[in-house]
Amino acid sequence: MILAARGIRTFAYGFQSVLLGIYLRQVGFAPWQVGAVLTATLLGSAALTALFTGTADRYGRRRMLEISAAFMAASGAAFAFSTSYPLLILASLTGTVGATSGEVGPFLSLEQAILPQTTDAGRRTRLFSFYNLVGAVSGSVGALAASTPALLQRTLGMGAQDAFRAMFLTYAACAVIALWLFTRLSHGVEVASGAPTPGLGRSRATVLRLAALFSLDSLAGGFVVQSLIAFYFNLRWDAGPEILGPVFLWVGLLQAASFLAAARVAERIGLINTMVFTHLPSNVLLMAIPFAPSLPWAIGLLLARHALSQMDVPTRQSYIVAVVDPEERIAAAGVTNIARNVAQAITPVIAGAAMQVVGLGVPFLLGGGLKIVYDLMLFAMFRHIRPPEERR
Numbered sequence: 009m010i011l012a013a014r015g016i017r018t019f020a021y022g023f024q025s026v027l028l029g030i031y032l033r034q035v036g037f038a039p040w041q042v043g044a045v046l047t048a049t050l051l052g053s054a055a056l057t058a059l060f061t062g063t064a065d066r067y068g069r070r071r072m073l074e075i076s077a078a079f080m081a082a083s084g085a086a087f088a089f090s091t092s093y094p095l096l097i098l099a100s101l102t103g104t105v106g107a108t109s110g111e112v113g114p115f116l117s118l119e120q121a122i123l124p125q126t127t128d129a130g131r132r133t134r135l136f137s138f139y140n141l142v143g144a145v146s147g148s149v150g151a152l153a154a155s156t157p158a159l160l161q162r163t164l165g166m167g168a169q170d171a172f173r174a175m176f177l178t179y180a181a182c183a184v185i186a187l188w189l190f191t192r193l194s195h196g197v198e199v200a201s202g203a204p205t206p207g208l209g210r211s212r213a214t215v216l217r218l219a220a221l222f223s224l225d226s227l228a229g230g231f232v233v234q235s236l237i238a239f240y241f242n243l244r245w246d247a248g249p250e251i252l253g254p255v256f257l258w259v260g261l262l263q264a265a266s267f268l269a270a271a272r273v274a275e276r277i278g279l280i281n282t283m284v285f286t287h288l289p290s291n292v293l294l295m296a297i298p299f300a301p302s303l304p305w306a307i308g309l310l311l312a313r314h315a316l317s318q319m320d321v322p323t324r325q326s327y328i329v330a331v332v333d334p335e336e337r338i339a340a341a342g343v344t345n346i347a348r349n350v351a352q353a354i355t356p357v358i359a360g361a362a363m364q365v366v367g368l369g370v371p372f373l374l375g376g377g378l379k380i381v382y383d384l385m386l387f388a389m390f391r392h393i394r395p396p397e398e399r400r
C-alpha cells in the first residue's frame, strides 16, 4: 500500500511540476510571483512535516498520512477552480502542491520511518532504492502526461487554461486514490506498543549536524526545483509541455536507473562516498546548462545531470535511519526533512527574482555552486561515521 500510494502521488507530482510554472505564466503571473507560489508550498510542506511527524506516533501514522492526502486533494481543486493569487498562495501553504518531481508534505518522513520496520539492516538500502525507483518511474510517466493539455486542445478544442485545469483536477483525483490506499494500511505501520517516547536521544548531535548540511543542499536545490527548470526552458527556449513532458519522462527514467545503481555502488564504496562522489559531477553539469548554445544541448546537459544527481537520495535516507536507534527514526527523519523543506522554501522566490532582474541562468549557477560546497562539507564531517553494516 505504501508503494502504491507513493506511485500514484509521484505520478501526480510529475505532471504538476512541469505544468505549474507554465500555467502561472499563462494566467499572467511574473517570475517573482511564480517563485513566491513555490516558496509558499515548500514552507507549508515544512510546517506540515513538523506538525505531523511530531504527533504521528501519538495520534497514528496512518491518520497523518490520510490527512496529508486530503490536503493534497484540496490544493489540486483550488488550482483547478481559481486564478486568485492570494487563494493560490493559501492553497500552496497546505504544503502538498507538487512543485517538484519528488515528495512534498509529510509523506516522506512518515513513510521513511515505516519502511525500516519491514526489513533487516542488510536490505534496508535496497528497499529505499526500490521505494525511490517507484517514485521516479511514476514521476516520469507523470511528466509525460504533462503533454496532455496540448492533446486536449488539439482533439477537444479546449482552451489552454481549461486544459491545464483538467490536469489539476486529475491531481486532486490522484490524491483521493492515495487517501483510499492509506485507509487500507494495517496497524503494523504504527510505533510498537511500549516503545520509548519518540524523540531524539543520544543521536541528537549527529542528526542536527546532518540536518544543517542537508538544509544547505536543499537551499541550493530550491534554485532548481523542477517547476523552475520547466519555467526556465519555457522562457529561454520557448519549450512547451509537449517538449518538456517527454524530456522529464527521460529525466525520471534516468533517476530510476540511478536509484537501482545507488544500492550496488553503496555496497562497494559506502553510503557517504556514494552520496558525495556521484553528486559532485552532477553539480558541474547543472552549472553548465545556462551556457548551452541550443535547446538540444541544454536538454542533453539536463539529462546527464539527472543520471547522477539523485543517487544520493536512497543512500541519504538509508544513512539517516541507520545511524540512529529505531525509536528515534521518525524524529530523525522529521528533523532532517523539515530542515530540507524550510531551506528549500527560501530560494524559489529568490530564483524567480534573479531570473527577472539579473539573468535567466543565475539560479543554475547558484544552485550548483552551493551543492558543491555541501558535498565537500559532508565528506569532511561524516566520512568516518559509518552505518552498522559498514563496520563489519
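Plus 8 on top of the position in the sequence shown (first one is 1) and you've got this note's numbering.
We put the beta carbon where it would ideally sit given N, CA and C, even for glycine.
Any idea if Ala-38 is buried or exposed, counting beta-carbon neighbours within 10 angstroms, 16 or more meaning buried? Answer is exposed; the Cβ neighbour count stays below 16.
So, helix, strand or coil for His-287, using DSSP? His-287 falls in the helix class under three-state DSSP.
Using CA coordinates, which residue listed in Trp-245, Asp-383, Ala-359, Met-389 is at the minimum distance from Trp-40? Its Cα nearest to that of Trp-40, the residue Ala-359 stands out among Trp-245, Asp-383, Ala-359, Met-389.
Inspect the beta-carbon positions of Gly-147 and Gly-103 and report whether they are closer than 7 Å. No, the pair does not count as a contact, with Cβ atoms beyond the cut-off.
6 Å Cβ shell around Ser-317 - same chain, five flanking residues per side excluded: Once the five neighbours on either side are set aside, the close Cβ partners of Ser-317 are Ser-290.
Roughly how many angstroms lie between the CA atoms of Ala-82 and Ala-180, to the nearest whole one? Looking at the two C-alpha atoms, the distance is approximately 7 Å.
At the level of alpha carbons, what is the spacing between Ser-235 and Val-197? Going by the C-alpha atoms only, they are around 33 Å apart.
For His-314, does the three-state DSSP call read helix, strand or coil? Helix.
Within 10 Å of its beta-carbon, does Phe-239 have 16 or more other beta-carbons around it, so buried, or fewer, so exposed? So Phe-239 ends up on the buried side.
Taking the alpha helix (DSSP H) that Pro-157 falls in, what are its first and last residues? Per DSSP, Pro-157 belongs to the alpha helix (DSSP H) from 156–164.
First and last residue of the uninterrupted alpha helix (DSSP H) at Pro-254: Where Pro-254 is concerned, the enclosing alpha helix (DSSP H) stretches over 249–277.
Under the three-state DSSP convention, the category Arg-391 falls into: The answer is coil: DSSP assigns Arg-391 none of H, G, I, E or B.
Can you name the start and end residues of the alpha helix (DSSP H) that Gln-24 belongs to? DSSP places Gln-24 inside the alpha helix (DSSP H), whose first and last residues are 10–34.
Alpha helix (DSSP H) containing Glu-329: first to last residue? The identity of residue 329 in the sequence shown is Val, whereas the question assumes Glu. Here the alpha helix (DSSP H) through Val-329 covers 320–330.
Cβ neighbours of Leu-293 in the same chain (closer than 7 Å, five flanking residues each side left out): Excluding five sequence positions before and after Leu-293, the CB atoms of its chain that fall closer than 7 Å to its own CB belong to Leu-309, Ala-312, Arg-313, given in chain order.
Given Phe-79, which residues of its chain have a CB within under 6 Å of its CB, disregarding the five upstream and five downstream residues? Excluding residues within five positions, the ones whose Cβ falls inside 6 Å are Thr-102, Thr-104.
Alpha helix (DSSP H) segment containing Thr-104, residue limits: Unbroken run through Thr-104: none, as it is neither H nor E.
Restricting to runs no shorter than 4 residues, where is the alpha helix (DSSP H) found entirely within the region 208–237? Fully enclosed alpha helix (DSSP H) runs of 4 or longer: 212–229.
Whole-number beta carbon distance between Ala-186 and Arg-17, since they are thought to touch under 8 Å: Going by Cβ atoms, the distance from Arg-17 to Ala-186 rounds to 5 Å, so yes, they are a contact pair.
Taking Cβ positions, are Ile-346 and Thr-47 nearer each other than 7 Å? Result no, Cβ atoms of Ile-346 and Thr-47 do not sit closer than 7 Å.
Mind pulling the alpha helix (DSSP H) runs of 4 or more residues that sit fully within the region 128–198? Restricted to the region 128–198, the alpha helix (DSSP H) segments that are unbroken, complete and at least 4 residues in length are 129–153, 156–164, 168–191, listed in chain order.
Where Thr-205 and Pro-334 are concerned, what is the direct C-alpha to C-alpha distance, given to the nearest angstrom? Low confidence applies here, because Thr-205 scores a pLDDT of 49, under 50, leaving its location unreliable; read the following figure in that light. Cα to Cα, the separation comes out at about 12 Å.
Near Phe-89, what residues of its chain come up, given a Cβ to Cβ distance below 7 Å and the 5 sequence neighbours on each side ignored? For Phe-89, there are no CB contacts under 7 Å within the same chain when 5 residues up- and downstream are skipped.
Using the beta-carbon count (16 or more within 10 Å), is Thr-282 buried or exposed? Within 10 angstroms of the beta-carbon of Thr-282 lie 16 or more other beta-carbons, which makes it buried.
Applying the 10 Å Cβ sphere with the 16-neighbour rule, what's the burial state of Gly-15? Answer is buried; the Cβ neighbour count reaches 16.
Is the number of C-beta pairs between the region 323–338 and the region 129–144 that are closer than 8 Å three or more? The region 323–338 vs the region 129–144: in contact.
Taking only three categories from DSSP, how would you classify Ser-302? Coil at Ser-302, not helix or strand.
Taking the alpha helix (DSSP H) that Gly-369 falls in, what are its first and last residues? Boundaries cannot be given for Gly-369, as no alpha helix (DSSP H) includes it and DSSP labels it neither H nor E.
Cβ-based burial, Asp-128 [other Cβ within 10 Å; buried from 16]: A residue is called buried when at least 16 other Cβ atoms come within 10 angstroms of its Cβ; Asp-128 does not meet this threshold and is exposed.
Which residues in the same chain have their Cβ closer than 7 Å to the Cβ of Pro-301, if we skip the five residues on either side of it in sequence? The beta carbon of Pro-301 sits closer than 7 Å to no other beta carbon from its chain once the five residues preceding and following it are set aside.
If we count the other Cβ atoms within 10 Å of its Cβ and call it buried at 16 or more, is Phe-299 buried or exposed? Its Cβ having fewer than 16 others within 10 Å, Phe-299 is exposed.
Cα separation between Ser-266 and Val-273? In a straight line, the C-alpha of Ser-266 is about 10 Å away from that of Val-273.
Proximity winner among Arg-337, Gly-43, Phe-19, relative to Gly-29 (alpha-carbon distances): Here the closest residue by C-alpha is Gly-43.
I want to know whether the region 253–272 touches the region 147–157 - three or more CB-CB distances under 8 Å. Judged by Cβ distances under 8 Å, the region 253–272 makes contact with the region 147–157, as three or more pairs qualify.
Using the Cβ count rule (16 or more neighbours within 10 Å means buried), how would you classify His-287? Burial call: buried.
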